[in-house]
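Protein chains in written order, with our numbering: chain A, 682 to 1111; chain B, 383 to 869; chain C, 156 to 276.
Note that beta-carbon positions come from the ideal geometry of N, C-alpha and C, so glycine has one too.
Source: prediction; values computed, not measured.
To keep things clear, I will list the structure first and then write my remarks on it.
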Amino acid sequence: MTDANTIIERGRVGILVIGGGPAGLAAAVAAKRAGVDDVLIAERDRMLGGILNQCIHNGFGLHTFKEELTGPEYAARFISQAAELRIPYLLNTMVLSVDRDRNVTIMGREIGVRTITADAIVLAMGCRERSRGALSIPGYRPAGVYTAGTAQRLMNIEGFRIGKRVVILGSGDIGLIMARRMTLEGAKVLTVAELMPYSGGLKRNIVQCLNDYDIPLQLSHTVVDIRGKRRVEGVTIAEVDQARRPIPGTEVSYDCDTLLLSCGLLPENELTRMMKAGISPVTGGASVDDLLQTDIPGVFACGNVLHVHDLVDYVSEEATLAGENAAAYVSGSTGRSAADAIVEIGVDGGVRYTVPQRIDVGHMRDSVTVRFRVADVYRDRTIAVYRGEKCLSRRKTRVLAPGEMEQVKLKKEELAGLTADEGLRVVLED
Amino acid sequence: MEKKDVIIIGAGVTGCAIARELAAWKLDVLVLEKEEDVCSGTSKANSAIVHAGFDAKTGSLKARFNIEGSRRMEVLAGELDFAYRKNGAFVLCFSEEERGQVQELYDRGIKNGLTAGDLEILSGDEARALEPALSDEVVCALYAKSSAIVCPFELTCALAENAVKNGTEFRFLSEVTAITREGADGFVVELAGKERVAARFVVNAAGVFADKIHNLVSGKKLSIQPRKGDYLLMDKEVGGTVDRTIFQLPGKLGKGVLVTPTVHGNLLAGPTAEDVDDPENTATTAEALADVQARAGRSVKAMPFRQVITSFTGLRAHEAGGDFVIGPCADAPGFYDAAGIESPGLTAAPAIGLYLAGEIAKAAGAERRTDFDGTRKAIPHVALMTDEERAALIRQDADYAQIVCRCETVTEGEIRESIRRNPGARSMDGVKRRVRAGMGRCQAGFCTPRVMEILSEELGIPMEEVCKNRPGSELLCTASADEGGVS
Amino acid sequence: MAETRELTCINCPLGCALTVTIDGENITVTGNTCPRGEAYGKKEVTNPTRIVTSTVPVDGGDIARVPVKTASDIPKDRIFAVMEAIHAVRVKAPVKIGDVIVKDAAGTGVDIVAARDVSAA
Chain A
682 MTDANTIIER GRVGILVIGG GPAGLAAAVA AKRAGVDDVL IAERDRMLGG
732 ILNQCIHNGF GLHTFKEELT GPEYAARFIS QAAELRIPYL LNTMVLSVDR
782 DRNVTIMGRE IGVRTITADA IVLAMGCRER SRGALSIPGY RPAGVYTAGT
832 AQRLMNIEGF RIGKRVVILG SGDIGLIMAR RMTLEGAKVL TVAELMPYSG
882 GLKRNIVQCL NDYDIPLQLS HTVVDIRGKR RVEGVTIAEV DQARRPIPGT
932 EVSYDCDTLL LSCGLLPENE LTRMMKAGIS PVTGGASVDD LLQTDIPGVF
982 ACGNVLHVHD LVDYVSEEAT LAGENAAAYV SGSTGRSAAD AIVEIGVDGG
1032 VRYTVPQRID VGHMRDSVTV RFRVADVYRD RTIAVYRGEK CLSRRKTRVL
1082 APGEMEQVKL KKEELAGLTA DEGLRVVLED
Chain B
383 MEKKDVIIIG AGVTGCAIAR ELAAWKLDVL VLEKEEDVCS GTSKANSAIV
433 HAGFDAKTGS LKARFNIEGS RRMEVLAGEL DFAYRKNGAF VLCFSEEERG
483 QVQELYDRGI KNGLTAGDLE ILSGDEARAL EPALSDEVVC ALYAKSSAIV
533 CPFELTCALA ENAVKNGTEF RFLSEVTAIT REGADGFVVE LAGKERVAAR
583 FVVNAAGVFA DKIHNLVSGK KLSIQPRKGD YLLMDKEVGG TVDRTIFQLP
633 GKLGKGVLVT PTVHGNLLAG PTAEDVDDPE NTATTAEALA DVQARAGRSV
683 KAMPFRQVIT SFTGLRAHEA GGDFVIGPCA DAPGFYDAAG IESPGLTAAP
733 AIGLYLAGEI AKAAGAERRT DFDGTRKAIP HVALMTDEER AALIRQDADY
783 AQIVCRCETV TEGEIRESIR RNPGARSMDG VKRRVRAGMG RCQAGFCTPR
833 VMEILSEELG IPMEEVCKNR PGSELLCTAS ADEGGVS
Chain C
156 MAETRELTCI NCPLGCALTV TIDGENITVT GNTCPRGEAY GKKEVTNPTR
206 IVTSTVPVDG GDIARVPVKT ASDIPKDRIF AVMEAIHAVR VKAPVKIGDV
256 IVKDAAGTGV DIVAARDVSA A
């Protein structure tokens, strides 16, 4: 095995995994297990594990480990696997730039500024939270306005108390989890306002984080003013109409010292853009094929940098695939069809996107899991997959919601001979 | 009682420019600022434009100091090493009837002291050839080639640092509450904490509070009307939408908004104009932000408002007379005003500083300092360096290898240096203005905890005392014993 | 007269919509997709329980706090009592994942255990 410094000195690496969170760890472990000796993880934080370190709540790992773990426990499983496989990693290290030939400039305390060339790259940089600025919430700009994840880090990693009376805008999972967390730590969470007519978070989190503590969730509501010149003194919440515009006369004022924002996550694709890889305007992540390969050969993506997930188990599964495929690429065992033999997956009837976005039918594995999200809350619909006019599969669903990722599995045999002209679609039907 | 030669009230860009120029003279100068840092009022939230000088009424102080300031800014950028780019500006005309106004601006510019080489009138197509994103409605445009953009934070910090380097003292969280005459030759300035300092000369550079300060000593009252302007700042990804600063002719829809790149590569649109009573009303409103969008959309096709990363409000200090009030106060000898400093105030500041420093030095009979060092080096900016430069810097200090703000590529070394400078950052906003940590697309989501820790370490204060800006803006709260909770 | 309650299963992120019918001693659950859902539905109407997680300060560790959790679920109405027990402790590094941090928290019979390793600094 080769340590990180040797790899850096050599200036060349088999697979560079950018990001040491759940996606990066699973990809590195899978790549190493697939026989690539030369895998390096570059992590910008001071520890491996990524966002899981601050997700101290339980509920992780039911699919992967068949038991319910906290975030740090889930991370620890993968960190130990990486340690057993002696996968080298660099902490406090940031990738500054990457080009299409996979030349990577990397900077960190231990290594200074170095350039290395990778035979394959796995992008696993995760995502960031939508900020107050991006939401253009009017009002003052005092201290006490936090994105939920920043508040979570300050509380759970650093151990600080960030506020006593709290309003939360957005019902994303981190916001819901933080509503409970702050309540348990003695704060009063007054309300959770959600712009949309449905929650962005998982149903179980509404039950165990809001309902358990009698925290009201106000759907179709938003923050229309923030008061306080130094620290937040209050916010005003109003109901919104169908066009999501505040309805005059519905304003209610809340005295609070903290406003948490849980209004969506955005894949962090600065490096992907720098390489000029194709980006899906819907997911905000790279557009990939069934190998989770971007349109740059040898560059793979997985986890929240590819599309925002709600379950880490699916991140691990996806990242494992990316790691294996990166390994296959490095060993030269990946074939690739001509462009016209690669089939884009179409969507219809409320399916917003799929990942992967396209399938190389000629070189696909025995099956491919296609994940997607829907545009609205739908009841009693059928998820159908069409090859041309022929329906390959149908599955009835009771409730579909934008906050919950869905998936269909496609088998190699049912796609045999499929052409781009014939087409492949994932649709919702009544 | 402590005694100084000169007290400057206000550490905005004007006060700091005066301080920097006074530092060239053998005078004992104290700058008093009510906030925790320099550049905390009007100077921190404006369009960051170095105006060419065609807009102000010929013969006004605004016209004079604009033209002088614009020329001096370029020189100063070299001496003090702050971000400055002469990107040029267009004033757009959208209707044939208004063509005459473009010619008027051209003529006024020449009268104000610009040369024929500085100004040009372009047809709509000529303008679009240079700036393809411009609206098809543009019929002609004034092109002002000497218009520039600057970083107002770095400019102000650079002026203040250079003043300190030459012996000036800054005192923060020092609000002036009273000024009394002390004999025939001097004043006593009283602070909110009842502390008193005497000085022969007092300079009023108090921004939106300049009327209050002036009226403490003068019977000839000033009246400042705070005028609020909302802005939208967009991601660097769309910073290249236009290369020049795009103004609109004041027209039927009122005074137009501008669209401009910033020196750091973002795109800025604004401001609106709304008179407010509260000189600290920096709240944005949904109406004003929508107004910015509507008006900016008139100048530039497909404005990328989906890429907004933040919005903010600035206050202009509009004096009732409509012009700058600069110079000695007639009924209070030794008291000098730099009041009513609204646009083009940022541009004018270097010239105002030079002028007032000269006047005060003359009145004081001061000699020039022979050891004056008018240079200042910027905080290293790792994001803009070559890898070789980065490597060299890291060899000296490994903190420059540790990125804290990933969106703007700001290292721990830069953040520590911003706090160690004098005057240095004392708050999250102070760090942000100096080195841009938290200024990027995630708006401090990731770097907040680490920047707080670094401030806590460097200032020797507990995390609970780290503020966004002035005291009262603490980011954390302390748990009282009966409430339980984490400490 | 049977009582019915609509619940959302919190066992896993699927969040199945459960209908629990309580007819005296006889409780039936429908809408679940796995046996865990049935168990949850029955328990939620008789003795609702939750896992509690938090953090505890660590002295001399490479990180400032160690995440902790109840080793199994505890009665819902004991959550704040358990939080008080968690607030009352500090630990010394090193800590191993699974280490008991509080024995029998707040008389629930359930231990508080560490959810990650903390090395000595």
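- Per DSSP, residue 915/A lies in no alpha helix (DSSP H); the unbroken beta strand (DSSP E) holding it starts and ends at 915-920.
- Residue environment for residue 239/C: exposed (fewer than 16 other C-beta atoms within 10 angstroms of its C-beta).
- Rounded to the nearest whole angstrom, the C-alpha separation of residue 582/B and residue 613/B is 40 Å.
- Excluding sequence positions up to five before and after residue 626/B, its CB lies within less than 7 Å of the CB of 469, 470, 471, 472 and 513, all in the same chain and listed in chain order.
- Given a length threshold of 4 residues, each whole run of the alpha helix (DSSP H) inside the region 989-1054 of chain A is given here in chain order: 993-1011.
- Residue 256/C has a beta carbon lying at 8 Å or more from every beta carbon in chain A.
- Residue 579/B is outside the set of residues whose beta carbon lies under 8 Å from a beta carbon in chain A.
- As for any alpha helix (DSSP H) of minimum length 4 sitting wholly inside the region 740-819 of chain A, the runs are 752-765 and 813-816, ordered along the chain.
- When 519/B, 492/B and 500/B are compared, the shortest CA-CA separation from residue 480/B is found for 519/B.
- Taking CB atoms only, residue 783/B has a neighbour in chain A less than 8 Å away.
- Residues of chain A with a Cβ closer than 9 Å to the Cβ of residue 620/B do not exist; the shortest Cβ-Cβ separation is about 12 Å.
- Around the beta carbon of residue 202/C, fewer than 16 other beta carbons sit within 10 angstroms, so the residue counts as exposed.
- Residue 865/A and residue 697/A have their C-alpha atoms spaced approximately 41 Å apart.
- Its Cα nearest to that of residue 644/B, the residue 467/B stands out among 474/B, 467/B, 462/B and 695/B.
- Going by beta carbons, residue 1052/A and residue 995/A fall inside the 8 Å limit.
- 522/B is the residue among 494/B, 495/B, 662/B and 522/B whose C-alpha sits nearest the C-alpha of residue 478/B.
- For the region 919-941 of chain A, residues whose beta-carbon sits nearer than 8 Å to a beta-carbon of chain B comprise 927 and 938.
- When DSSP assignments are scanned along the region 639-725 of chain B, the uninterrupted stretches of alpha helix (DSSP H) that are 4 or more residues long and fall wholly within it turn out to be 668-681.
- Proximity of residue 831/A to chain C, defined by a Cβ-Cβ separation below 8 Å, is not satisfied.
- Residue 899/A does not reach chain C, its nearest Cβ partner there being about 18 Å away, counting only Cβ pairs nearer than 8 Å.
- Contacts between residue 790/A and chain B, judged by CB atoms closer than 7 Å, involve 780, 783 and 784 in chain order.
- At least 8 Å separates the beta-carbon of residue 697/B from that of residue 396/B.
- With distances taken between CA atoms, residue 534/B lies nearest to 427/B out of 427/B, 567/B and 452/B.
- Cβ contact annotation for residue 245/C (same chain, cutoff 8 Å, sequence separation greater than five): 211, 212, 213 and 214, in chain order.
- By alpha-carbon distance to residue 726/A, the top candidate from 691/A, 771/A and 765/A is 771/A.
- Residue 958/A is positioned such that its CB atom lies no closer than 8 Å to that of residue 984/A.
- According to the DSSP secondary-structure assignment, residue 902/A is paired through a beta bridge with 920/A.
- In the three-state reduction of the DSSP assignment, residue 803/B falls in the coil class.
- In terms of CA proximity to residue 398/B, 540/B leads the group 506/B, 540/B and 799/B.
- Around residue 875/A, no beta-carbon contact reaches into chain C at under 8 Å, the shortest distance being about 16 Å.
- For residue 740/B, the enclosing alpha helix (DSSP H) begins and ends at 727-746.
- In the structure shown, residue 572/B adopts extended strand secondary structure according to DSSP, grouped into three states.
- Straight-line spacing of the CA atoms in residue 390/B and residue 642/B works out to 32 Å.
- In the structure shown, residue 939/A falls within a strand segment according to DSSP collapsed to helix, strand and coil.
- Rounded to the nearest angstrom, the gap between the Cα atoms of residue 768/A and residue 760/A is 10 Å.
- Minimum Cα-Cα distance from residue 412/B among the listed residues 529/B, 587/B, 811/B and 532/B corresponds to 587/B.
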